[in-house]
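Trainee: Please find one structure pasted underneath; my questions will follow.
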Amino acid sequence: MKIAGIYSFKDGEEEITKNYSILLTEVNAVIKAVDASVHKVKVSKEKTMTGRVLYSPPSINKAFKAEFSARDWTPVRVACDYPTTHFVKEYKIRSTNKGAFREMDFVKDKLGIEVQFGKYAFMVYNVCAKMTIFRNLGHINCGIEIVPVKAFADDMSTGVSYFEQFVWDLENRGAADIDIPVLILGIDA
């Protein structure tokens, strides 16, 4: 695969280039090591593209996991103990949140990475919520979000979000004081 687009959210490119240049080189090597052609294996059953062979996001994710793991990047999972103090007295809580967690795909030396080939809401959540939470918990300082560009997403199932759309929304949202530096990498096959 190759990097087709770069977007620096809250000075993410500058921070990561300055403080994590060796790890950024590793990230680039991981992206280049993933051969997209071997992941074009999903035969679509969708009405608009029945029978068309598409890229499989789960298969691509497995390849990224293997490449990052081989370079000692590890997932970080934190348990979530959700509060129950905000329920009204009259409400009887019927289930527990036992086993709830949040997980970052890959972390190394306080640089967090999320690889996202899913719905749009997950991209926004990763950058605008999850990465801030993991920074506040002391696991990361900066983040990298790896997402497909539109041309690549067009060869996946419908609903997969893409770089251009994500950048537009981040630019129009703006950065908040709580946001952290994130480098958004748009990749193509």
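Sequence positions in the sequence shown follow our numbering and run 261 to 449.
C-beta atoms are modelled at their ideal positions from N, C-alpha and C, and glycine is treated no differently.
Here the structure is a predicted model, which is why all the values come from computation and not from measurement.
Should Phe269 and Val387 be called a contact, given that it needs their Cβ atoms to be closer than 8 angstroms?
Mentor: Their beta carbons are under 8 angstroms apart, which means Phe269 touches Val387 by this criterion.
Trainee: How is the beta strand (DSSP E) around Val409 delimited, first residue to last?
Mentor: Per DSSP, Val409 belongs to no beta strand (DSSP E) and is neither H nor E.
Trainee: Does DSSP classify Arg362 as helix, strand or coil?
Mentor: strand
Trainee: Can you tell which of Asp448, Asn321, Ile291 and Gly372 has the C-alpha that lies nearest to the C-alpha of Phe423?
Mentor: Asp448
Trainee: Compute the beta-carbon to beta-carbon distance between Val287 and Ile404, rounded to the nearest angstrom, for a pair I have assumed lies under 8 angstroms.
Mentor: 6 angstroms
Trainee: The alpha helix (DSSP H) spanning Val427 covers which residue range?
Mentor: Segment Phe423 to Arg433, the alpha helix (DSSP H) holding Val427.
Trainee: Three or more C-beta pairs closer than 8 angstroms, one from the segment 348–355 and one from the segment 391–399: is that the case here?
Mentor: no
Trainee: Is Ser319 helix, strand or coil when you go by DSSP?
Mentor: Ser319: helix per DSSP, three-state reduction.
Trainee: What is the residue span of the beta strand (DSSP E) that Glu257 lies within?
Mentor: With the chain running from 261 to 449 in the structure shown, residue 257 is simply not present.
Trainee: Using DSSP's beta-bridge definition, name the partner residues of Leu283.
Mentor: Paired residue(s): none; Leu283 is not in a bridge.
Trainee: Measure the alpha-carbon distance for Gly372 versus Ser355 and round it to whole angstroms.
Mentor: For Gly372 and Ser355, the distance between alpha carbons rounds to 32 angstroms.
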